Amino acid sequence: MMVTIITHSPEETRFLGQILGKTLIPGMVITLDGDLGSGKTTFVQGIGKGLDISENDYITSPTYNLINEYSGRHCLFHIDLYRLMDPLEIDELGLEEIIYSQGISAIEWADRLPDKTLTS
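Just so we're aligned, residue -3 is where the sequence shown starts under the numbering used here, counting upward by one.
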């Protein structure tokens, strides 16, 4: 299911993420698409707050690491596919193992996923 919500500030975006984060359970996947600087990472910061991830574990964009893992009430995998152009690179990451683990996955640039990745 796709939901579109418009926020008007980073604080609103973070707060919306926090509300969602409080409701997430292991195995859930959140996909985020939007232009550079549109607030995807800010939203994931809010999810982290909703999952009780320590403020000392500041959530940053995993553009260069590709995947950041954070521990809270549930494990959060923050995944950024911006730099990946080839579906084989996604296979090499072991992304499906992460997505179908007992954590929660927040995937930025999810439009780069091969079509059937999230249908299993």
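Think of the CB as a built atom: it goes at the ideal place given N, C-alpha and C, for glycine as much as any other residue. Quick caveat: nothing in here was measured; it's all calculated off a predicted structure.
Within the same chain, 70 and 100 come within 8 Å of residue 21 by CB-CB distance, once the 5 residues on both sides are set aside. In terms of Cα proximity to residue 27, the closest of 37, 66 and 18 is 37. Here residue 74 has 40, 58, 64 and 102 as same chain residues with Cβ atoms under 6 Å from its own Cβ, once five neighbours each way along the sequence are excluded. Residue 44 sits close to residue 53, with the two beta carbons spaced by under 9 Å. Per DSSP, the beta bridge partners of residue 103 are 27 and 75. In this model, residue 83 and residue 61 are separated by some 17 Å (Cα to Cα). By the Cβ neighbour-count rule, residue 107 is exposed, with fewer than 16 other Cβ atoms within 10 Å of its own. One thing to note: residue 72 has its Cβ within 9 Å of the Cβ of residue 49.
In the structure shown, residue 65 falls within a strand segment according to DSSP collapsed to helix, strand and coil. Assigned with DSSP and collapsed to three states, residue 48 falls in coil, not helix or strand.
Relative to the Cα of residue 18, the nearest Cα in the group 46, 78 and 8 belongs to 46.
Distance check between residue 4 and each of 25, 98 and 34 places 34 closest, using alpha-carbon atoms only.
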